[in-house]
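Adding 2 to a residue's 1-based position in the sequence shown gives its number in the working numbering. From the three backbone atoms N, C-alpha and C, an ideal C-beta is built for every residue, glycine too. Everything on this sheet refers to the single structure shown next.
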Amino acid sequence: MDIAVENVMTPSPCPSHKEDFGTYVLMIQHLIEKCLVLELSQAECIASLARSARIKPAITLAVWNALEKENPVFFRDYNQKPLSPASRMANRQRRVAAEEECAGKILKCLELWRIS
3 MDIAVENVMT
13 PSPCPSHKED
23 FGTYVLMIQH
33 LIEKCLVLEL
43 SQAECIASLA
53 RSARIKPAIT
63 LAVWNALEKE
73 NPVFFRDYNQ
83 KPLSPASRMA
93 NRQRRVAAEE
103 ECAGKILKCL
113 ELWRIS
């Protein structure tokens, strides 16, 4: 379940300065978006971020709720997806393979660009 947040900078439990807090919230939003791409439920996302990034569940929940408020149609559709755990795993594996393939193509293009 921690696929979404592995190898991510581990934040402190909660920053103290207002400008740092805004950055912290944006980082949590980004991590939640990664969880959504991996089709994790809200509970799975909260647990994953708590374990992997040491983000307090209440903070993740607050950011998740703010995202739901800003994007009600997306979350309505997202929450209505009837996916079995096996189907979710298959989707994740396909996405990981596609991302690896895409990354390989990008690296190849960069190498060709450097040569020319």
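Query                                                                                                                            : Result
Could you tell me which of 44, 23, 27, 26 sits nearest to residue 78, measuring between CA atoms?                                : 44
Tell whether a beta-carbon distance below 8 Å holds between residue 75 and residue 31.                                           : no
Expressed to the nearest angstrom, what Euclidean distance is found between the alpha-carbon atoms of residue 40 and residue 94? : 6 Å
Is the beta carbon of residue 25 closer than 8 Å to that of residue 47?                                                          : no
Taking Cβ to Cβ, would you say residue 42 is nearer than 8 Å to residue 54?                                                      : no
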